[in-house]
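Numbering (our numbering), first residue to last: 24 to 160.
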């Protein structure tokens with residue numbers, strides 16, 4: 024059970040690091056869009072309202088808040104299963120599968136190399152959890 028705790032701690036630390044990188048990533052995206060946009064449209068007319076709508080849509084597509092919240096919930100559930108001292112390998116397997124989905128989605132949406140490094144760390148630790156959960160089943 025100690026190895027599970029270690030892996031959960033590493034995933035939690037990586038998730039906390041991602042949370043600190045999100046505002047930096049957001050500012051970088053805004054700057055990049057602003058710089059590129061002014062270059063692209065120089066003397067052209069465009070509908071500012073439409074542009075704002077497109078930006079909102081774009082940022083919603085890249086937002087990882089929901090995935091982070093769900094991953095935190097899955098981590099808490101997994102820790103709860105560990106504390107119960109019951110042999111619930113199947114449940115651990117199901118929860119770890121859900122954690123994997125959230126981690127993959129964070130990685131897909133991240134569009135940021137710093138966040139990707141943390142995603143890779145989380146995937147590595149999750150594989151350790153899955154292997155150990157199989158031993159309990």
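Don't be surprised by glycine CBs; every beta carbon is placed ideally from N, CA and C. Bear in mind that the values here come from a model prediction, so they are computed numbers and not experimental data.
So, do the stretch 29–45 and the stretch 133–149 have three or more beta carbon pairs nearer to each other than 8 angstroms? In short, these stretches touch, since the Cβ pair count reaches three.
Return helix, strand or coil for residue 113, following the three-state DSSP convention. Looking at residue 113 - three-state DSSP - the assignment turns out to be helix.
Can you list, in chain order, the stretches of the beta strand (DSSP E) that have 3 or more residues and sit fully within the stretch 33–104? The qualifying runs do not exist here; there are none.
Please state whether DSSP places residue 122 in a helix, a strand or coil. If DSSP states are grouped into helix, strand and coil, residue 122 belongs with the helices.
Going by the beta-carbon positions, is the gap between residue 62 and residue 93 smaller than 9 angstroms? No, the Cβ-Cβ distance between residue 62 and residue 93 is not below 9 angstroms.
From what residue to what residue does the alpha helix (DSSP H) around residue 107 run? Bounds of any alpha helix (DSSP H) do not take in residue 107, whose DSSP letter is neither H nor E.
Would you check if the stretch 129–147 and the stretch 98–110 touch, i.e. whether three or more CB-CB distances between them fall below 8 angstroms? Under the three-pair Cβ rule at 8 angstroms, the stretch 98–110 does not count as touching the stretch 129–147.
I need the straight-line Cα distance from residue 58 to residue 51, nearest angstrom please. Spanning the two alpha carbons is a distance of roughly 11 angstroms.
Could you tell me how far apart the beta carbons of residue 35 and residue 78 are, in whole angstroms, since I believe they sit closer than 8 angstroms? Going by Cβ atoms, the distance from residue 35 to residue 78 rounds to 32 angstroms, so no, they are not a contact pair.
Per DSSP, what kind of secondary structure is residue 135 in: helix, strand or coil? In the three-state reduction of the DSSP assignment, residue 135 falls in the coil class.
In whole angstroms, what separates the C-alpha of residue 119 from that of residue 41? C-alpha separation (whole angstroms): 19 angstroms.
So the candidates are 114, 153, 154, 90; which of them puts its Cα closest to the Cα of residue 131? Of the listed residues, the one whose Cα sits closest to residue 131 is 90.
Just to confirm, are residue 38 and residue 145 a CB contact at a threshold of 9 angstroms? With contacts defined as CB atoms closer than 9 angstroms, residue 38 and residue 145 qualify as a contacting pair.
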